[in-house]
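Undergrad: So that we are looking at the same thing, I have put the structure below in structure tokens.
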Amino acid sequence: MDRIVENLCKKKFQVTGKSTFKDEFVTAGGVDLKEINFKNMSSKILSNFYIAGEVLNIDAVTGGFNFQACWSEAWLIAQDLNNL
């Protein structure tokens with residue numbers, strides 16, 4: 002796990018541009034929201050397992066709403082991990 006975290010933190014991505022609005026989309030389907038503890042985004046089924054972002058069963062419109070949801074979910078997870 003330490004190696005995965007280290008690789009993710011050191012990885013650099015090059016942004017080459019953006020697409021037109023008509024090309025942007027979100028996924029639909031995913032983990033049932035009944036299985037999530039929304040106080041910290043942890044799984045109610047699997048202990049010490051966090052779920053966030055597009056793996057959740059949330060189908061929203063495009064326009065940045067999904068980014069904000071992901072950032073907020075990541076913050077909740079980070080706060081919980083910081084308290085371990």
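Heads up, the sequence shown is in the numbering used here, so the first residue is 2 and it goes up one at a time. Even for Gly, the Cβ is constructed at its ideal location relative to N, Cα and C.
Could you check how far apart the C-beta atoms of Asn41 and Ile5 are, in whole angstroms? I think they sit under 8 Å.
TA: Not quite, the Cβ-Cβ distance comes to about 20 Å (not below 8 Å), so this is no contact.
Undergrad: Going by other Cβ atoms of all chains shown within 10 Å of its Cβ, with 16 needed for buried, is Glu74 buried or exposed?
TA: Buried is the call here.
Undergrad: By alpha-carbon positions, which one of Glu36, Lys11, Lys19, Ala61 ends up nearest to Ile112?
TA: Residue 112 is absent from the model: the chain starts at 2 and stops at 85.
Undergrad: Taking the straight line between their C-alpha atoms, what separation do you get for Phe50 and Gln80?
TA: So the two alpha carbons sit approximately 14 Å from each other.
Undergrad: Counting only the same chain and skipping the five closest in sequence on each side, list residues whose C-beta sits under 7 Å from that of Leu34.
TA: Hits under 7 Å: Leu57, Asn58.
Undergrad: Just how far apart, CA to CA, sit Glu55 and Lys13?
TA: In a straight line, the C-alpha of Glu55 is about 21 Å away from that of Lys13.
Undergrad: Under the rule that 16 or more other beta-carbon atoms within 10 Å means buried, what is Ser43, buried or exposed?
TA: The residue in question, Ser43, is buried, as its Cβ has 16 or more Cβ neighbours within 10 Å.
Undergrad: Using the beta-carbon count (16 or more within 10 Å), is Asn83 buried or exposed?
TA: So Asn83 counts as exposed.
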